[in-house]
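Under this note's numbering, the first residue of the sequence shown is numbered 885, with each subsequent residue one higher. Input: a single structure, listed below in structure tokens.
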Amino acid sequence: MIAALLAGALLIVVLLVVSALFSAAETALTGASRARMHQLEREGDKAAGRVNLLIENQERMIGSVLLGNNLLNILLSSLVTEFLAHVIPGAWGVAIATGLVTFLVLVFAEVLPKTIAIARPDDVARGLAGPVQVTMAVFGPVIAAVQSLIKVTFRLFGLDLDEAADEAFAQAEIRGAIEYHHEEGLVESGDRRMLGGVLDLAGMDVGQVMVHRTNITLLDAAEPAREVIAQALEAPFTRLPLYRGEPDNIVGVLHAKDLARAMEAAGGDLDAIDIAQVANEPWFIPDTTNLKDQLQAFLKQRNHFALIVDEYGALRGLVTLEDILEEIVGEIEDEHDDTVEGVRRQPDGSVNVDGSVAIRDLNRAFDWKLPDDEWVTVAGLVIHDAQMIPEPGQTFIFHGHRFQVLRRQRNQITALRVSPPLAEAVS
């Protein structure tokens, strides 16, 4: 009798341990870092490879673990009831068995193993991936039948569980991980902006980062070569569009290095240089071009400069490889760049900006969060939100900032004063 009771107690302990392993496996395999598992697999970690195989078939994996865990818990409950029936017969034995099983399963088969799995999901997942694969092999056919039944049931209600996660979902997951680690202090603000900038490229077009046509330095091909060269040398840019007749008629792009070669070949006779022959063929792209696609095009074409036109072929602006890279790494300045072009910080903490300053440049410079989905420039944002063209002196509060119109030229806002976030100003 005593030997039978000891054997029953030992079996109960074994079932409790196995149930705990199932619970830990379920939590760890659903919480393991997919990125880290893929990296470890590439480095030759076989356990990580098993984890990746399980994650790829996550529904069947979870179903197998839950089925095994439930079978064990039911068996455990029956054994404890049978065990206590010999010690405490009657209804009291059943009641005590129920309470004891609930306590044992809750503490030792659920809370304790899942707490460990939450604390170290990657290590626990790698350690238990092998046993879970065996469990899937055993319960696989049963789980497949259950999954089919579930899918049929959901389709009756118009739901399709076979829809794959799209690219937007994957990017949202990555962005969420970046934000989480930034809040935990594991990712610096600069790295967070760069990683977010890479993800933003796919959702932006060249019109959002372009240099507007009003800020482009254009050279007139009809002017004497000496005059064109003087203007090119005064400009802080390496590549300059060349037009003939009217600014929309771009006939070439003058590169400073090509111009220097032509000046050397001419032996100092600047008037003898044919500017049109020195200029390169212009590259026109539509204003709806995706930034990610344009980055790939720059790399493929080995060209760092493109002119942007609208649907009617009119010049809207230009974009360079540097403009796109700045969306990732922030402002890239050299000895010919103005430190902050069109932006002047005031003693009271506010900022005077030209109306043509890009909202994204302002956000990057001061770590603000002004929306740039509808309009590219600060002036455009104010006109959009005010639903009017404001007069000088008018003040508006949008998106947590105070905007005061300083100057207006005809229908164009040329200068504004923007306050820092009002919440920061108050604190």
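Glycine included, C-beta positions come from ideal geometry on N, C-alpha and C. Treat the numbers as computed from the prediction; the structure is a model and nothing was measured.
Going by alpha carbons, who is nearest to residue i out of the options?
i, options, result
"Asn-1174", "Met-1094, Leu-988, Ala-981 and Thr-911", "Met-1094"
"Phe-1168", "Gly-947, Gly-1136 and Val-1302", "Gly-1136"
"Ile-1134", "Leu-1202, Val-902 and Arg-1004", "Leu-1202"
"Arg-1076", "Ala-891, Asp-1251 and Pro-1276", "Asp-1251"
"Glu-1258", "Ile-1243, Leu-1070 and Gln-942", "Ile-1243"
"Ser-1240", "Thr-1101, Gln-1296 and Glu-1195", "Gln-1296"
"Ala-1029", "Leu-955, His-1066, Gly-947 and Arg-1286", "Gly-947"
"Leu-1126", "Arg-1010, Met-1078, Val-991 and Gln-1161", "Gln-1161"
"Leu-968", "Pro-1108, Val-985, Val-1090 and Leu-956", "Val-985"
"Ser-1234", "Arg-1097, Val-1289, Asp-929 and Ala-1056", "Val-1289"
"Thr-999", "Val-1262, Leu-905 and Gly-1152", "Leu-905"
"Asn-957", "Leu-895, Arg-920 and Gln-1017", "Leu-895"
Start and end of the beta strand (DSSP E) containing residue i?
i, result
"Leu-1124", "1123-1127"
"Asn-1236", "1235-1238"
"Pro-1170", "1168-1170"
"Phe-1250", "Not the beta strand (DSSP E): Phe-1250 falls in the alpha helix (DSSP H), residues 1243-1250."
In whole angstroms, what is the alpha-carbon distance linking residue i and residue j?
i, j, result
"Thr-1279", "Ile-1273", "12 Å"
"Glu-940", "Ile-980", "43 Å"
"Gly-933", "Leu-924", "8 Å"
"Phe-1023", "Val-935", "18 Å"
"Ala-931", "Ala-1013", "7 Å"
"Met-921", "Ala-1061", "15 Å"
"Ala-1270", "Lys-1253", "18 Å"
"Val-839", "Val-1071", "The structure shown does not extend to residue 839, since the chain is modelled only from 885 through 1311, so no value can be given for it."
Compute the beta-carbon to beta-carbon distance between residue i and residue j, rounded to the nearest angstrom, for a pair I have assumed lies under 8 Å.
i, j, result
"Asp-1260", "Leu-1300", "According to the sequence displayed, residue 1260 carries Val and not Asp. Not a contact, Cβ separation roughly 15 Å."
"Thr-1019", "Gly-952", "5 Å"
"Ile-1058", "Leu-1085", "Not really, about 13 Å apart at Cβ, beyond 8 Å."
"Ile-1159", "Leu-1179", "Actually they are not in contact, since the Cβ atoms of Ile-1159 and Leu-1179 sit about 30 Å apart, beyond 8 Å."
"Leu-938", "Met-945", "5 Å"
"Leu-960", "Val-989", "7 Å"
"Leu-1154", "Ala-1109", "6 Å"
Note the first and the last residue of the continuous alpha helix (DSSP H) segment covering residue i.
i, result
"Val-1008", "1005-1040"
"Gln-1271", "Premise fails: Gln-1271 is in no alpha helix (DSSP H) and is neither H nor E."
How would you label residue i, buried or exposed, when you count the other beta carbons within 10 angstroms and need 16 or more for buried?
i, result
"Asp-1256", "buried"
"Leu-899", "buried"
"Ser-1303", "buried"
"Arg-926", "exposed"
"His-1285", "buried"
"Thr-1098", "exposed"
"Phe-1041", "exposed"
"Gln-1293", "exposed"
Does any C-beta atom of chain B lie closer than 9 Å to the C-beta of residue i?
i, result
"Ile-946", "Although the question refers to chain B, the structure presented lacks it and comprises just one protein chain."
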